[in-house]
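Scroll down for the structure; my scribbles are underneath it.
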Amino acid sequence: MSFFDDLEIRSADARAADIARALPEQIERAKGLSGYAGALDGVDPAQITSIDALAALPVLRKSELGKAQATSAPFGGFTTKPAHGFSHVFQSPGPIYEPSSTDPDWWRMGRFLHAMGIGEGDIVHNCFGYHLTPAGMIFESGARAVGAAVLPAGTGQTELQVIAARDLGTTAYAGTPDYLKIILEKADEMGITLAISRAAVGGGALFPSLRAWYTERGITCLQCYATADLGNIAYESPAAEGMIVDENVIVEIVTPGTGSPVAEGEVGEVIVTTLNPDYPLIRFATGDLSAVMAGQSPCGRTNMRIKGWMGRADQTTKIKGMFVRPEQVAQLVAHHDEISRARVVATREAEQDVMTVMIESDAPNTEAYAQSVSELLKLKGRIEVVTKGSLPKDGLVIEDQRSYD
Numbered sequence: 001m002s003f004f005d006d007l008e009i010r011s012a013d014a015r016a017a018d019i020a021r022a023l024p025e026q027i028e029r030a031k032g033l034s035g036y037a038g039a040l041d042g043v044d045p046a047q048i049t050s051i052d053a054l055a056a057l058p059v060l061r062k063s064e065l066g067k068a069q070a071t072s073a074p075f076g077g078f079t080t081k082p083a084h085g086f087s088h089v090f091q092s093p094g095p096i097y098e099p100s101s102t103d104p105d106w107w108r109m110g111r112f113l114h115a116m117g118i119g120e121g122d123i124v125h126n127c128f129g130y131h132l133t134p135a136g137m138i139f140e141s142g143a144r145a146v147g148a149a150v151l152p153a154g155t156g157q158t159e160l161q162v163i164a165a166r167d168l169g170t171t172a173y174a175g176t177p178d179y180l181k182i183i184l185e186k187a188d189e190m191g192i193t194l195a196i197s198r199a200a201v202g203g204g205a206l207f208p209s210l211r212a213w214y215t216e217r218g219i220t221c222l223q224c225y226a227t228a229d230l231g232n233i234a235y236e237s238p239a240a241e242g243m244i245v246d247e248n249v250i251v252e253i254v255t256p257g258t259g260s261p262v263a264e265g266e267v268g269e270v271i272v273t274t275l276n277p278d279y280p281l282i283r284f285a286t287g288d289l290s291a292v293m294a295g296q297s298p299c300g301r302t303n304m305r306i307k308g309w310m311g312r313a314d315q316t317t318k319i320k321g322m323f324v325r326p327e328q329v330a331q332l333v334a335h336h337d338e339i340s341r342a343r344v345v346a347t348r349e350a351e352q353d354v355m356t357v358m359i360e361s362d363a364p365n366t367e368a369y370a371q372s373v374s375e376l377l378k379l380k381g382r383i384e385v386v387t388k389g390s391l392p393k394d395g396l397v398i399e400d401q402r403s404y405d
């Protein structure tokens, strides 16, 4: 079995020693940035040499990042270079702006693709978006790191995607878990057999039934856990036992809403410190839930494993690969005077995410509401207008009815 580099098979002592050298340097960088003004006062970087020591520092939440960007555009004072010093600037819902670089494997996605066996000779059918949000570029940089070519496909125009996949002989897929199924079913309708044998997925939950569907078609489907702010955090290997933490991030699992670590195996919020010198996010709260798995992966990689995505610490929910946040639902209600309340419900049908927006209103303005949903939630969904007072008064504005078993 080959590895992306020797970092993946370090001993625990060697990894701890490397962290003890790298972490103080990263804390020192952060202390010099305006975004951390006040937050790291009194912190001696030389003393922050371990994950245990890191736990004493404050947590940085995405809401704080957004507020900082609103007053210090575009990155809120959290980068070591100005915007023009990066190769790309992306915008995610919020809006939140993220930097990018064409430096080799800047997003650290190569390690995941290598673990999947993707490399020279492969053509990756990249169905992640390239417009505004960074997912397409994240996976493209990973493909470059392992020597694979890329078809920048995005989504839509499914027949043309099938034709391109056939003509180019694309061998691997990158995208959300359910979109490959749409492509394959269209290929079946067209009587075309595609050569895709591996699927690197992210941006949404990989449900066991969908993984099994791909396996029956001879496609190995593995998932990674990445965000636009942090890049790759953890990834599956062919051993398919949990997700292995990337070598250039430090992951903690804490009690939601706090910075206090939980015991190994307990579910908590994922907190990430990145060692990226361009964008030193320290104890960045993802809002995602997971848990540490005991032991090492049978694949030979030695870093800590987590159980993967286990839900959200708040009501923010990922649907069709995009986060839907409670504040976006509030914007929808405020956008129409006649709407009293709204509730987003996430379900699954035919192995695809479905978003239904239930709206309390006396006016059946379904088309207008659908347009507002598309603009404010950045997704299309079903609209159900219900009578005022009929939605449950349980505090939920986003309800996830999908099963993750």
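Numbering-wise, the numbering used here puts 278 at position 278 of the sequence shown, and it's gapless, one number per residue. Don't be surprised by glycine CBs; every beta carbon is placed ideally from N, CA and C. It should be emphasised that the depicted structure is a prediction, and the values quoted were computed from it without experimental measurement.
CB-CB length for residue i against residue j, believed under 8 Å
i, j, result
"Thr374", "Glu360", "The sequence given here places Ser at residue 374; Thr does not occur at that position. Going by Cβ atoms, the distance from Ser374 to Glu360 rounds to 20 Å, so no, they are not a contact pair."
"Gln401", "Asp178", "Going by Cβ atoms, the distance from Gln401 to Asp178 rounds to 16 Å, so no, they are not a contact pair."
"Phe128", "Gly175", "6 Å"
"Ala239", "Ser297", "5 Å"
"Val357", "Arg348", "Wrong, their Cβ atoms sit about 16 Å apart, outside the cutoff."
"Tyr225", "Ala200", "The Cβ separation is near 12 Å, so there is no contact."
"Gly35", "Gly76", "5 Å"
"Asn232", "Arg343", "With a Cβ gap of about 33 Å, Asn232 and Arg343 do not count as contacting."
"Asp314", "Glu338", "That belief does not hold up - the Cβ atoms of Asp314 and Glu338 are roughly 28 Å apart, past 8 Å."
"Leu57", "Ile250", "Not a contact, Cβ separation roughly 11 Å."
"Ala195", "Thr170", "7 Å"
"Gly110", "Phe4", "6 Å"
"Pro261", "Val272", "Not confirmed; about 13 Å, so no contact."
"Leu391", "Val324", "Not quite, the Cβ-Cβ distance comes to about 17 Å (not below 8 Å), so this is no contact."
Opposing strand residues paired with residue i [DSSP bridges]
i, result
"Gly231", "Thr227"
"Tyr36", "Beta-bridge pairing links Tyr36 to no other residue."
"Arg305", "Ile244, Met293"
"Gln352", "Glu349"
"Glu360", "Arg341, Val386"
"Arg312", "Asp288"
"Met322", "Ile319"
"Arg392", "It should be noted that the sequence gives Pro, not Arg, for residue 392. Pro392 is not bridged to any residue."
"Tyr439", "What the structure shows of the chain is the stretch from 1 to 405, and residue 439 is not part of that stretch, so it cannot be assessed."
"Gly110", "DSSP output for Gly110 lists no bridge partner at all."
"Gly271", "Going by the sequence as given, residue 271 is Ile instead of Gly. Glu252, Ala285."
"Leu376", "DSSP output for Leu376 lists no bridge partner at all."
"Val146", "According to DSSP, Val146 bridges with nothing at all."
"Asp400", "Ala346"
"Tyr97", "Gln91"
"Pro152", "Asn126"
"Pro261", "Val254"
Buried versus exposed, by CB contacts within 10 Å (16 or more), residue i
i, result
"Gly265", "exposed"
"Gly287", "buried"
"Met190", "exposed"
"Ala37", "exposed"
"His131", "exposed"
"Thr133", "buried"
"Ser50", "exposed"
"Asp229", "buried"
"Ser141", "buried"
"Lys320", "buried"
"Leu406", "Examination of residue 406 is not possible in this model, given that the chain is present from 1 through 405 alone."
"Ala12", "exposed"
"Gly268", "buried"
"Lys393", "exposed"
"Ala334", "exposed"
"Ser100", "buried"
"Lys62", "buried"
"Gly311", "exposed"
"Asp188", "exposed"
"Glu384", "exposed"
"His1", "His is not the amino acid found at residue 1; the sequence shown has Met there. So Met1 ends up on the exposed side."
"Thr227", "buried"
"Thr193", "exposed"
"Gly156", "exposed"
"Thr317", "buried"
"Gln223", "buried"
"Gln47", "exposed"
"Asp246", "buried"
"Ser209", "exposed"
"Glu8", "buried"
"Ser87", "exposed"
*At what residue ranges does the region 176-258 contain a whole run of the alpha helix (DSSP H), taking only runs of 4 or more?*
179-189, 208-216
_Three or more C-beta pairs under 8 Å: does that hold for the region 18-34 against the region 270-278?_
yes
*asked:* Assess contact between the region 281-295 and the region 305-313, defined as three or more Cβ pairs (one per stretch) separated by less than 8 Å. Is contact present?
replied: The region 281-295 vs the region 305-313: in contact.
*Pair every Cβ in the region 212-221 with every Cβ in the region 86-104, then say whether three or more of these pairs are closer than 8 Å.*
no
*Examine the Cβ distances between the region 9-23 and the region 150-167 and report whether three or more of them are shorter than 8 Å.*
The answer is no - the region 150-167 does not touch the region 9-23, with fewer than three Cβ pairs under 8 Å.
*Touching or not, the region 117-127 and the region 76-85, by the rule of three or more beta carbon pairs under 8 Å?*
no
*asked:* Which complete alpha helix (DSSP H) runs does the region 31-90 hold, if anything under 4 residues is left out?
replied: 51-54, 62-71
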